[in-house]
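Trainee: One structure follows; several queries about it will come next.
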Amino acid sequence: MDRREFVEACALGSGALGAVLVSGAWAASAVSRDRGRVLLVNDLGEPLKASSLRPQVNYVFHYPFEATPVFLLDLGKAAQPVALQTRDRKTYQWPGGVGPRRSLVAFSAICAHKLVYPTKELSFISFRKGAAINPQTPSKGNDLIHCCADHSQYDPARGAQVLGGPAEQPLCAVLLEHDAKADTLTATGTLGGELFDDFFQKYEMKISLEVGPRARQQVAGRSTVRELEQFCRNPVRC
Ligand code: FES
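Under the working numbering, the first residue of the sequence shown carries the number 564, and numbering increases by one thereafter.
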């Protein structure tokens with residue numbers, strides 16, 4: 564960060580500066596992990612324009628590993644920084660959304676309860692615009708990420724904080740950078756309770772069949788963003 568950027572960050576106020584501290588080079592005291600810079604691209608391999616994302620639509624890309632899916636969302640509203648806690652009581656400051664409206668967020672799509680995740684065949688977990696549609700599982704609010712396996716509900720506007728169900732911690736956040744000039748998005752790391760080791764342990768055979776020998780490789784350079792409805796044949800809603 565050069566002097567001009569520092570002054571601009573100060574002008575944004577303490578909340579925004581907090582976000583810079585967490586997501587930028589001064590994040591040593593936070594639990595963010597540098598997972599490599601990966602440019603998000605469309606299915607033609609071109610840099611994805613953030614402005615091309617439709618608000619409140621589920622998009623999926625893979626990061627930090629070839630087999631680990633991530634939800635990318637334009638919430639259509641600003642997401643402010645929020646203090647959160649992992650299940651082993653480590654606190655962290657989620658930096659909020661990025662982009663011109665601070666509405667762009669990304670979270671690991673691996674449910675923090677029993678690690679349900681979207682595959683090409685089936686997805687029990689996704690963002691839902693509005694409230695839950697199943698009266699037996701009342702929604703804890705609008706515009707949440709729901710896991711239909713056991714009905715955990717996460718608020719993507721608050722760092723995927725758990726609002727209902729058995730999950731014990733927020734979805735792991737994926738840190739994004741938005742290049743305002745090019746309108747591109749780059750994933751840079753993760754923040755919060757990672758479950759990747761558990762995920763690979765639980766689904767070792769399944770993942771090797773789905774993804775092949777690259778499953779545990781870190782994504783290098785680029786990751787393709789697709790709408791969940793295109794990525795997955797059967798997105799389940801509950
Ligand atoms: S696996 Fe998602 S709520 Fe149980």
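Positions of the beta carbon are idealized from the N, C-alpha and C atoms, including for glycine.
Along the chain, where does the beta strand (DSSP E) that runs through Glu767 open and close?
Mentor: Premise fails: Glu767 lies in the alpha helix (DSSP H), Glu767 to Val774, not in any beta strand (DSSP E).
Trainee: Should Ala672 and Arg779 be called a contact, given that it needs their Cβ atoms to be closer than 8 angstroms?
Mentor: Taking 8 angstroms as the Cβ cut-off, Ala672 and Arg779 do not qualify as a contacting pair.
Trainee: Residue range of the alpha helix (DSSP H) that Arg794 falls in?
Mentor: For clarity, residue 794 is Phe in the given sequence; the question names Arg instead. Phe794 -> alpha helix (DSSP H) spans Leu791 to Phe794.
Trainee: Any heavy atom of ligand 1 inside 7 angstroms of the beta-carbon of Ile688?
Mentor: Yes, the beta carbon of Ile688 sits closer than 7 angstroms to at least one heavy atom of ligand 1.
Trainee: How big is the Cα-Cα spacing for Leu754 and Cys735?
Mentor: Each residue's Cα considered, the two are about 6 angstroms apart.
Trainee: In whole angstroms, give me the CA-to-CA distance for Ser702 and Gln716.
Mentor: About 8 angstroms.
Trainee: Which partner residues of Thr631 appear in the DSSP bridge assignment?
Mentor: The partner list for Thr631 (beta bridge, DSSP) is empty, contrary to what the question assumes.
Trainee: Taking all protein chains shown into account, decide if Thr654 is buried (16 or more other Cβ within 10 angstroms of its Cβ) or exposed.
Mentor: Label assigned to Thr654: exposed.
Trainee: What would DSSP say about Phe690, mapped onto helix, strand or coil?
Mentor: In the structure shown, Phe690 sits in a strand (DSSP, three-state: E or B).
Trainee: Counting only runs that start and end within the region 648-690, where is the beta strand (DSSP E) found for 3 or more residues in a row?
Mentor: Here the runs fully enclosed are 654-657 and 667-671.
Trainee: Could you have a look at Leu602 and say whether DSSP puts it in helix, strand or coil?
Mentor: Of the three classes helix, strand and coil, the one that applies to Leu602 here is strand, per DSSP.
Trainee: Pairing CB atoms from the region 709-724 with CB atoms from the region 634-646, are three or more of them under 8 angstroms?
Mentor: The region 709-724, when compared against the region 634-646, does touch it at the 8 angstroms Cβ threshold.
Trainee: Would you call the CB atoms of Val623 and Phe763 closer than 8 angstroms?
Mentor: No, they are not a contact pair.
Trainee: Can you list, in chain order, the residues of its chain whose CB lies under 6 angstroms from that of Glu757, leaving out five sequence neighbours each side?
Mentor: Only Cys735 meet the Cβ criterion.
Trainee: Measuring straight from C-alpha to C-alpha, what distance separates Tyr615 and Glu792?
Mentor: What sits at residue 615 in the sequence shown is Ser, not Tyr. Whole-angstrom Cα-Cα distance: 16 angstroms.
Trainee: Taking 6 angstroms as the limit between beta carbons, can you name the residues of its chain near Arg600, skipping five residues before and five after?
Mentor: Correct list, in chain order: Thr749 and Thr751.
Trainee: Can you grab the Cα-Cα spacing for the pair His676 / Asn605, in whole Å?
Mentor: So the alpha carbons of these two residues sit roughly 30 angstroms apart.
Trainee: If you measure from the CB of His625, is any heavy atom of ligand 1 nearer than 7 angstroms?
Mentor: His625 Cβ: outside cutoff for every heavy atom of ligand 1.
Trainee: Apart from the five residues just before and just after Glu820, which ones in its own chain have a Cβ nearer than 8 angstroms to its Cβ?
Mentor: The shown model of the chain, from 564 to 801, leaves out residue 820, and the question about it has no answer.
Trainee: Would you mind sorting Arg796 into buried or exposed? The rule is 16 or more other CB atoms within 10 Å of its CB.
Mentor: The residue in question, Arg796, is exposed, as its Cβ has fewer than 16 Cβ neighbours within 10 Å.
Trainee: With distances taken from each beta carbon to the nearest heavy atom of ligand 1, which residues come in below 5 angstroms, in chain order?
Mentor: The set, ordered by position in the chain, is Cys674, His676, Lys677, Val679, Cys710, Ala712, Asp713 and Ser715.
Trainee: Between Gly639 and Ser666, how many whole angstroms is the CB-CB distance? I'm expecting something under 8 angstroms.
Mentor: The pair is a contact, with the Cβ atoms about 6 angstroms apart (cut-off 8 angstroms).
Trainee: Indicate the three-state DSSP secondary structure (helix, strand or coil) for Trp589 in the structure shown.
Mentor: In this predicted model, Trp589 has a pLDDT of only 40, less than 50, meaning its place in the structure is not dependable; the value taken from the coordinates is given anyway. Here Trp589 sits in coil by DSSP.
Trainee: Around the Cβ of Gln781, are there at least 16 other Cβ atoms within 10 angstroms (buried) or fewer (exposed)?
Mentor: Classification for Gln781: exposed.
Trainee: What is the rounded straight-line gap between the Cα of Ala730 and the Cα of Ile688?
Mentor: Taking the straight line from one Cα to the other gives about 13 angstroms.
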